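Protein chains in written order, with the numbering used here: chain A, 2 to 183; chain B, 2 to 183.
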C-alpha cells in the first residue's frame, strides 16, 4: 500500500474495464477513462493510495482529496478493487484509511458518487458505511441525482460522516454528541 | 466576475460545444463534458471564476486549483470564453487573476493542458505567457505528450512561472532573480 506516482496512471486506466466488469459497454469504458485524467494522480497523490500484491501487480486503488472549497468535505473520486480479490476487505480498508486521513485534516463527511444500475458498487458503499443521499429520480429502487454530471449522466450520491475526535467532543466541538464528552 | 456555485455546472456544460467550435466532433463533445464533472465546481469553487455579462449570460469561466500533492503547482483544468467576446482580454484576465491567487498561496508555476490540433487554444496560451513543455511526439509542429490522459488522449502540456514576491526576492527566496532585490 503506497501513495501513487504519475507512472501509475496508465496502469490504473488499464484495469478499469476488467475491474468494472465492462459496466456500461463501450460508452461506460470511455466514460471511466475520461473521468480519470492524469491530473488526479499528479495532484491528489497525497490523499490517494495504490495497492500491489507481492508480485507488484496492481490490485486496488483509491483516488480522493480534501475539498478546498468545502473544508468539511472529503471526496472519493474513484475506488477500484480487482474482482479476483474482492470480499477480502481491501476496499473497506482503503475507505477506512481515507476516512482517518479526512478526520485528521478536519473533514466532517466523506462523499462519493457511483452510476445508477451499478448494483455491486451501491451494495459495497452501503456495506462500508455510506448512506445514499435523497435524489430527484429513482433507478432500480435507488434514489438518483438526474443529470448530476451532465445531460444523461445520472449519479447515486453517497455520504458518510467522519467521526469526531473524541478528545474534542467534551469541549463542545461541532459534531460532539454530548456537551460532556463521550 | 464571481466564484461559481454548483448551479453553474449545467450552464458551463451547455456552452462547451459552441465555445470550442465543435472541436473534435461528437467524440470531442463527449470528452469535454466528461472532463468536467460536477465535482470541479463543488470542490474547487474557491479558485475558480465565472464571468457573466450585464444580462446574466455566462461569457467566460476558469476552473483551477492549487495542487495539494505538489504545493509549488497550481493547475488550470478548464478555461472557456464565448467566441462572441474573444480578443477582449477576458481569458488573459482570468489567467492573470488565477496566477495572482496562486502566487499568494505560494505556488511557483501554473500548469494546464490542451488537445493537440486545437490551434486557437495553443496560440492563446502562448500569447498570455505559457510555454509548451517538451513532449515525446510532434503534432502540427507542436510538442505533445502522447497518451497523457489515456490511450489516444494526447495532450499539449503548458507551464508558466509564478512571479516571486518582490518583497521576498531580496531575502534570497527561491526564484529570486537577484540577491539584492529587484
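We put the CB at the ideal spot given by N, CA and C, even for glycine.
Bear in mind that the values here come from a model prediction, so they are computed numbers and not experimental data.
Which class does residue i belong to by DSSP, given the choice of helix, strand or coil?
{"i": "residue 30 of chain A", "result": "helix"}
{"i": "residue 162 of chain B", "result": "strand"}
{"i": "residue 109 of chain A", "result": "coil"}
{"i": "residue 2 of chain B", "result": "coil"}
{"i": "residue 99 of chain B", "result": "helix"}
{"i": "residue 93 of chain B", "result": "helix"}
{"i": "residue 40 of chain B", "result": "helix"}
{"i": "residue 154 of chain B", "result": "coil"}
{"i": "residue 73 of chain A", "result": "coil"}
{"i": "residue 173 of chain B", "result": "With a pLDDT of only 35 at residue 173 of chain B, under 50, the local geometry of the prediction cannot be trusted, and the value read off the model is given with reservation. If DSSP states are grouped into helix, strand and coil, residue 173 of chain B belongs with coil."}
{"i": "residue 181 of chain A", "result": "Note that residue 181 of chain A has pLDDT 41, beneath the 50 cutoff, so the model's placement of it is unreliable and the number below is only indicative. Of the three classes helix, strand and coil, the one that applies to residue 181 of chain A here is coil, per DSSP."}
Span of the beta strand (DSSP E) holding residue i?
{"i": "residue 15 of chain A", "result": "First-last for residue 15 of chain A: 9 to 20, but that is the alpha helix (DSSP H), not the beta strand (DSSP E)."}
{"i": "residue 53 of chain A", "result": "50 to 53"}
{"i": "residue 64 of chain B", "result": "59 to 67"}
{"i": "residue 145 of chain A", "result": "143 to 145"}
{"i": "residue 140 of chain A", "result": "138 to 140"}
Using a beta-carbon distance below 8 Å, is residue i in contact with chain C?
{"i": "residue 66 of chain A", "result": "Going by chain labels, chain C is absent from the structure shown, which instead holds the protein chains A and B."}
Thinking residue i and residue j are a contact (beta carbons under 8 Å), I'd like their distance in whole angstroms, please.
{"i": "residue 111 of chain A", "j": "residue 124 of chain A", "result": "Actually they do not touch by this definition, with Cβ atoms about 18 Å apart."}
{"i": "residue 69 of chain A", "j": "residue 42 of chain A", "result": "Their Cβ separation, rounded to whole angstroms, is 18 Å, which puts residue 69 of chain A and residue 42 of chain A out of contact at 8 Å."}
{"i": "residue 32 of chain B", "j": "residue 25 of chain B", "result": "6 Å"}
{"i": "residue 88 of chain A", "j": "residue 59 of chain A", "result": "Their Cβ separation, rounded to whole angstroms, is 18 Å, which puts residue 88 of chain A and residue 59 of chain A out of contact at 8 Å."}
{"i": "residue 109 of chain A", "j": "residue 163 of chain A", "result": "5 Å"}
{"i": "residue 101 of chain B", "j": "residue 134 of chain B", "result": "Wrong, their Cβ atoms sit about 23 Å apart, outside the cutoff."}
{"i": "residue 185 of chain A", "j": "residue 137 of chain A", "result": "One cannot answer for residue 185 of chain A here, as it falls past the ends of chain A, which runs 2 to 183."}
{"i": "residue 117 of chain B", "j": "residue 143 of chain B", "result": "7 Å"}
{"i": "residue 82 of chain B", "j": "residue 61 of chain B", "result": "4 Å"}
{"i": "residue 149 of chain B", "j": "residue 39 of chain A", "result": "6 Å"}
{"i": "residue 129 of chain A", "j": "residue 156 of chain A", "result": "Contact doesn't hold; Cβ gap of about 18 Å is too wide."}
{"i": "residue 151 of chain A", "j": "residue 34 of chain B", "result": "5 Å"}
{"i": "residue 75 of chain A", "j": "residue 45 of chain A", "result": "Contact doesn't hold; Cβ gap of about 11 Å is too wide."}
{"i": "residue 3 of chain B", "j": "residue 51 of chain B", "result": "6 Å"}
{"i": "residue 48 of chain A", "j": "residue 29 of chain A", "result": "With 8 Å as the limit, residue 48 of chain A and residue 29 of chain A do not qualify as a contact, their Cβ atoms being about 26 Å apart."}
{"i": "residue 20 of chain B", "j": "residue 105 of chain B", "result": "At roughly 29 Å, the Cβ-Cβ gap does not stay under 8 Å, so residue 20 of chain B and residue 105 of chain B are not in contact."}
{"i": "residue 14 of chain B", "j": "residue 37 of chain B", "result": "6 Å"}
Starting from residue i, trace the alpha helix (DSSP H) both ways and give me its first and last residue.
{"i": "residue 124 of chain A", "result": "120 to 129"}
Could you list the residues in the region 122 to 155 of chain A with a C-beta less than 8 Å from some C-beta on chain B, going in chain order? 148, 149, 150, 151, 152 and 154
Please list the residues of the region 71 to 87 of chain A that have a C-beta atom closer than 9 Å to any C-beta atom in chain B, keeping them in chain order. 71, 74, 76 and 78
If contact means a Cβ-Cβ distance below 8 Å, which residues of the region 46 to 66 of chain A contact chain B? 46, 47, 48 and 66
Select from the region 22 to 33 of chain A all residues with a C-beta closer than 8 Å to any C-beta belonging to chain B, and list them in chain order. 31 and 32
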